[in-house]
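In the numbering used here, the protein residues as written are 43 to 107. Down below is the structure, laid out as C-alpha cells.
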Ligand code: SF4
C-alpha cells in the first residue's frame with residue numbers, strides 16, 4: 043500500500059510557506075489562492091516533511107493510497 047500527499051484546501055490559508063520550502067512538491071494556485079500538490083507520490087522527502095511541519099494550519103497530510 044502506498045501513500046499519497048494531500049492538502050486540505052478548505053484549511054489552507056494560502057500562506058505559501060510550503061511552496062517556498064519545497065517548490066518541487068508544492069505549487070501555488072493563484073486563482074484559488076491555495077497550495078496544490080505537485081508530487082503526490084512524494085520524493086524530496088526531507089523538504090516535504092519540513093513543509094508539513096511548517097504549515098501553520100497543519101493541512102498537509104499523507105493519506106493511505
Ligand atoms: Fe496552505 Fe499550509 Fe501551504 Fe500555507 S503551508 S500554503 S497553509 S498548505
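All C-beta atoms in this analysis are idealised placements derived from N, C-alpha and C, irrespective of residue type, glycine included. Source: prediction; values computed, not measured.
Here's a check: name, in chain order, each residue in its chain whose Cβ is nearer than 8 Å to the Cβ of residue 55, leaving out the five neighbours to either side.
98, 99
Identified DSSP bridge partners for residue 67
The partner list for residue 67 (beta bridge, DSSP) is empty, contrary to what the question assumes.
Is the beta carbon of residue 84 within less than 7 Å of some heavy atom of ligand 1?
no
Checking the sheet assignment: what are the DSSP bridge partners for residue 105?
46
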